[in-house]
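**Student:** Would you mind keeping the following structure in view while I ask a few things?
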Amino acid sequence: MSRKLMGAVVALGLSATVATAQDYPAKEIQGIIQWGAGGSTDTVMRSVTPHAEDALGGTVVMQNMTGAVGAIALNYVVDAEADGYTLLMGAENPMLYKIMGLGDEDYSAFTPINLLARGTPLLVANVDAPFDDYAGMLAYIAENPGELKMGATGPGGLPSVITAMMNTVEGELDVIAVPYDGDGPALTALQGGAIDVMPAVLGAAIEGVRAGNMKPLLVFDTEPNATLPDVQIATDANANYATYLPWGPFFGVFVKNGTPDDVVEALTAAYATAAENEEFVSLMDGRGFTMMNISGDEATEFLTKWQQGTAWLLDDAGLTQASPEEFGIARPGE
Amino acid sequence: METLLAILTVFTQPQLLMLVGVGTFAGIYIGAIPGLSVTMAVSILISFTFSWEVLPAISLMVGIYMGGVYGGSRTAILLNIPGAPSAIATAMDGYPMAQKGAAGEAIGVTTVMSFFGGLIGILVLALAAPFVSEFALTFQPRDYMLLAVLGILLVGSLSSGSLVKGIFAGAFGIAIGAVGRDPLTFAERFTFDFKIMEGGISFIAVMIGMFGVSEALQQLQNVNMKSVRQKIDRIVPSFGTIRKYLPLSLQTSSIGVIIGALPGTGGDIAALMAYDHAKRVTKEPDVPFGEGAMEGLVAPETANNAAVGGAFIPMMTLGIPGDAVTAIMIGALFIHGLNPGPMLMIDQPDMFWFIVGALLTANVFMLIFGLTGIRIFTKIVEMPRSIIIPLILLLSIVGAYAVNNSITDVYWMLGFGVFGYFMRHYGYPLGPVILGVILSRLLDDNWRRAIISEREDLGRFFEGIVTSPLSLVLFVSVIMIFVSQTPLWTAMKNRLFGRATT
């Protein structure tokens, strides 16, 4: 075992070997995961990729490269050769780099291989919070301005988008946004009572909700969620949410633009097969993710729509560093 | 009762037993190499064990974790390069012992005490997990902040010599920790618009440079000096020695379990706090601290291994990781179709007891592998300096590169190595720098969370401290420790008690 482990370690270090490519893949493929080990993106990528390896008949060595909201990983892949031997395994964050002043590149420099799944945002509350539903929370905020503590994960994160959505739809909510490193630490703080409510991706909160350690208030979707069928949906609470929903973080595998077409085809076929794998699908269901498994034009269209909606929502909320206009991101519907 | 039998699952399947053993063995060596971390090894194992059953995969990971936490002490004692951040305190007294020819004894004591600490951690996990996790959840941002302040006060016990220089070094460490994009607002801090600074400075690179490279440079000065002959007759510590340190090790193990169970703090902070505790309660050590005091080995090593059991407590009871390694293990459980969360212990108690059993087994393997092969290891210190110095440099470079596969980290590491050399030269202690880097984020993030939660109102902030028993205890401890370190206190003590006794 330890020899194999050493092999893996060495492979991580010496991934850039010279190749004389006849058929793809002729050598190990490097998969750069934008987020840390154990996180959602990491779990999804490490679950789907072994199935893709089987379909592809090659090896994908995955490596976590964290930092700067994933920009370090993105820049690494942008700087690599467009030969299909360096994959970017990421989440939605790069779509906002330009307007948040986090970088000069986003997924427009990439060709989507597969957009695997998307998450559904869920608003949860501490069990001892003095309200049990979304309307109750709004009433509480109105009566106690500046008292409710809402978890956040920094500008551009899921909570900031959901909060901006709520402020746009319901009018400015006077709450305290307490920033955390990610939804994991924030949900821990929610259970300890350090914050009262938190918008989080359903998969991260579901186990706590099932155990009765937190109260679900609202599912940010246009249709009831199969995992939490009894929880109110946003468009029922306020029809104006329909402008922005469905919305959610997503996971995708990308290669740099300019990668040879046959390589893109081979990878797309492999990941499309992998995403249909039963084990993977049931894992995603269990974590409350909605499978997408889209590629090509369909994926590009999804990305464009996602970026337009989110960028302008954040810009209208005054959270951006630069206007989406500067980067040619059109307002949705224009 | 039937579920309790799951604790023995490891022994009923020879394959599992072997995997725990192999994992522990590999863990010791991965832990010993600076830069190769347990976190990294476990995350590689996730893909590696993907197609396995869940029990073998967990067995291997548990073994690596237990062995790795212990392994960090090896290079700390022999080469003065902590193999992992949790072994920083071990280097402070372990290396001086090796320099006196007692490397074998130091490793022996470390091994037995790591075993003891590990055992306490596992026992607490097995018997009191729900209570401890409930307690850990009550820590609010202000409590984490107070804990970090308490940690900063360790500067006093980590700096031999000038306290002023120690404070400078600590502050420097905090500044290093603040470099990069602030994770809460993404604002750039101390980056000077350089792209490479955006991601911050790798803390492991700083540690390896400060300890490893600066040590190599230091040794260059006496490259022709004969190396110390090692006595290897006393490896397994006598029963008397163990009994002597039993009370201390119980206290430091408790520190380890609690700090380990807190989400957001881990073995590194636990070990440093335990070292400080040992220094405080040991009135008359046989050898002064920093020159090879046995207590200085016992405290951090019991604490960091006790923190392993501690880290599993919130993971098993709530699905909340106690540290980076348990965070990855939660991911691994997901991949294997389990849903780690508050329901895991209710739905699948077998899993909980299996992990307890695997941890116990790994702990025993750690003792066995740790106590064998010490003779060969101590030979490392006996090697001529002309071989050992290049070896240290090589290890440092490989280690720094391995953390993120980034050559930038190697440059940082070398830069901090040279800087650390000059710091040593002018009598600035290096321990506080690392302490500062470790605590920087904990202090900064939680202070801001705490004050934002109170609508940036200091009055409400202090009201919160006074009305919460936990915060109050931490706050009073901070004040007491702070005052006890000032000259004012010594003067007052002399006036109050000095007169009475004479």
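Each protein sequence line maps, in turn, to chains A and B. Quick note, the first sequence lines up with residues 1 to 334 if you use the UniProt record's numbering. Quick note, the second sequence lines up with residues 1 to 502 if you use the UniProt record's numbering. In this text, a Cβ means the ideal position worked out from N, Cα and C, and glycines have one as well.
1) Can you list the residues of chain A that residue 503 of chain B reaches, using a CB-CB cut of under 8 Å?
2) Give the straight-line distance between the Cα atoms of residue 84 of chain A and residue 160 of chain A, rounded to the nearest whole angstrom.
3) Restricting to Cα atoms, I'd like to know which of A:268, A:285, A:330 and A:318 is closest to residue 115 of chain A.
4) On the criterion of 16 or more Cβ atoms from any shown chain inside 10 Å, does residue 404 of chain B qualify as buried, or is it exposed?
5) Report, in whole angstroms, the separation of the C-beta atoms of residue 228 of chain A and residue 208 of chain A, which I expect to be a contact under 8 Å.
6) Let me know the beta strand (DSSP E) ranges lying completely inside the stretch 94-167 of chain A, each 3 residues or longer, listed in chain order.
7) With 8 Å set as the bound, which would you pick, yes or no: does the beta-carbon of residue 34 of chain A sit closer than that to a beta-carbon of chain B?
8) Do the stretch 18-34 of chain B and the stretch 66-76 of chain B touch if we need at least three Cβ pairs shorter than 8 Å?
9) What number of angstroms, rounded off, separates the C-alpha of residue 152 of chain B from the C-alpha of residue 48 of chain A?
10) Checking the sheet assignment: what are the DSSP bridge partners for residue 250 of chain A?
11) Express the C-alpha separation of residue 208 of chain B and residue 395 of chain B in angstroms, rounding to a whole number.
12) In terms of alpha-carbon separation, which member of B:212, B:184 and B:179 lies closest to residue 196 of chain B?
13) So, residue 233 of chain A versus residue 243 of chain A, is the Cβ gap smaller than 8 Å?
14) Under 8 Å by Cβ, that's how I've got residue 203 of chain B and residue 91 of chain B pegged, so tell me the actual separation to the nearest angstrom.
15) Work out the CA separation of residue 406 of chain B and residue 61 of chain B for me, nearest whole Å.
16) Give me, in chain order, the residues of the same chain whose beta-carbon lies closer than 7 Å to that of residue 316 of chain A; leave out the 5 immediate sequence neighbours on both sides.
17) Is the CB-CB distance between residue 10 of chain B and residue 293 of chain B below 8 Å?
18) If you measure between the beta carbons of residue 205 of chain B and residue 400 of chain B, is that distance less than 8 Å?
19) Could you please tell me which residues of the stretch 425-453 of chain B, in chain order, have their CB closer than 8 Å to any CB of chain A?
20) Would you list, in chain order, the members of the stretch 136-166 of chain A that have their beta-carbon closer than 9 Å to a beta-carbon of chain B?
21) With residue 4 of chain B as the anchor, note down where its alpha helix (DSSP H) starts and where it stops.
22) Could you give the DSSP three-state label for residue 48 of chain A: helix, strand or coil?
23) For the alpha helix (DSSP H) that contains residue 507 of chain B, what are its first and last residues?
24) Quick check: what's the CA-CA separation for residue 181 of chain A versus residue 157 of chain A?
25) Quick one: using the 10 Å Cβ neighbour count with 16 as the cut-off for buried, is residue 185 of chain B buried or exposed?
26) From B:107, B:389, B:451 and B:97, pick the residue whose C-alpha is nearest to that of residue 223 of chain B; which is it?
27) By the DSSP assignment, the alpha helix (DSSP H) with residue 362 of chain B in it spans what residues?
28) Checking the sheet assignment: what are the DSSP bridge partners for residue 30 of chain A?
29) Taking the DSSP output, what are the residues bridged to residue 218 of chain A?
30) At the level of alpha carbons, what is the spacing between residue 59 of chain B and residue 348 of chain B?
31) Helix, strand or coil: which one does DSSP assign to residue 175 of chain A?
32) Residues in its own chain within less than 6 Å of residue 460 of chain B by CB, not counting five upstream and five downstream?
33) CB-CB under 8 Å to residue 123 of chain B, same chain, minus the five flanking residues each way: which ones, in chain order?
34) Answer with buried or exposed for residue 198 of chain B, where buried requires no fewer than 16 other C-beta atoms within 10 angstroms of its C-beta.
35) Count the other CB atoms, across all protein chains shown, that sit within 10 Å of the CB of residue 489 of chain B; report buried if there are 16 or more and exposed otherwise.
36) My output table needs one value for residue 68 of chain B: the three-state DSSP class, helix, strand or coil.
**Tutor:** The short version:
1) Look at the range of chain B in this structure, 1 to 502, and you will see that residue 503 of chain B is not part of it.
2) 34 Å
3) A:268
4) By the 10 Å Cβ count, residue 404 of chain B comes out buried.
5) Rounded, the Cβ-Cβ distance is 12 Å, inconsistent with contact.
6) Segments of the beta strand (DSSP E) lying fully in the stretch 94-167 of chain A: 110-118, 121-126 and 149-152.
7) no
8) The stretch 18-34 of chain B, when compared against the stretch 66-76 of chain B, does touch it at the 8 Å Cβ threshold.
9) Distance between residue 152 of chain B and residue 48 of chain A, taken at the CA atoms: about 44 Å.
10) A:118
11) 9 Å
12) The candidate whose alpha carbon is nearest that of residue 196 of chain B is B:179.
13) no
14) Residue 203 of chain B to residue 91 of chain B, Cβ: 16 Å. No contact.
15) Between the C-alpha atoms of residue 61 of chain B and residue 406 of chain B there is a straight-line separation of about 26 Å.
16) 168
17) Residue 293 of chain B sits away from residue 10 of chain B, with the two beta carbons spaced by 8 Å or more.
18) yes
19) 445, 448, 449, 452 and 453
20) 146, 147, 149, 152, 153, 154, 155 and 156
21) Unbroken run through residue 4 of chain B: none, as it is neither H nor E.
22) Helix.
23) Residue 507 of chain B lies beyond the residue range present for chain B, which begins at 1 and ends at 502; the question has no answer from this structure.
24) 10 Å
25) exposed
26) B:389
27) 349-371
28) A:61 and A:86
29) A:123
30) Their backbone Cα atoms lie some 17 Å apart in a straight line.
31) coil
32) 454
33) 309
34) buried
35) exposed
36) helix
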